[in-house]
Amino acid sequence: MQQVHRKIDKKTFQALELNPVRKKIPVLVHNGKPTVESPVILEYIDETRNNNPLLPQDPYERAMARFWAKFIGEKIQPTARKANLAEGKEREQAVGECCQQLEILENELHGRVFFGGDSIG
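Below you can see the structure in the form of structure tokens.
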């Protein structure tokens, strides 16, 4: 299998230093303090922006938004990454699986203007 080498620029290296446990991005630095992992960053932003939250105000809708964000992070992203890096039949299989996952998400979003309903938050 072919190895993939990525150039790590200075900003990326600094971000990786701010996440010493997982050594990956994204990292949000607010008031000099780093927050890591996309779902955690989303909740942090939501909790610090009381006048314009990102997540829906309704507890059920907020839980569903978290569920779908987790679905994207744990299912779609790894499958898409696998499809991007694989070759031949393995790639075809991963692309097909990713398309099925995206279809599930698309069915959930059907009829909505934004993920959280009629407004972006």
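Counting from 1, position 117 in the sequence shown corresponds to residue 116 in numbering that gives the first Met the number 0; the numbering is continuous, with no gaps. Heads up, the beta-carbon is just placed ideally off N, CA and C, and yes, glycines get one too.
Are there 16 or more other CB atoms within 10 angstroms of the CB of residue i, so buried, or fewer, so exposed?
i   : result
V35 : buried
C97 : buried
T78 : buried
Just to confirm my understanding: we take residue i, look at its own chain, exclude 5 residues before and 5 after, and list those with CB closer than 8 Å. What are they?
i   : result
L41 : L53, L54, A68
From which residue to which residue does the alpha helix (DSSP H) around residue i run?
i   : result
V94 : 87-108
N51 : Counting along the chain, N51 falls outside any alpha helix (DSSP H), and DSSP gives it neither H nor E.
Q65 : A quick correction: the sequence has Arg, not Gln, at residue 65. It spans 58-70 - the alpha helix (DSSP H) in which R65 sits, taken as one unbroken run.
R80 : 76-84
Does the distance from the C-beta atom of residue i to that of residue j stay below 9 Å?
i   : j   : result
K81 : A93 : yes
G72 : P33 : no
How would you write the range of the beta strand (DSSP E) that residue i sits in, first residue to last?
i   : result
K32 : 32-35
L27 : 26-29
Excluding five sequence neighbours on each side, which residues of the same chain lie with their C-beta closer than 7 Å to the C-beta of residue i?
i   : result
R90 : A82
Of all the CB atoms in chain D, is at least one closer than 9 Å to the CB of residue i?
i   : result
L53 : Considering every chain present, this structure includes no chain D. It has just one protein chain.
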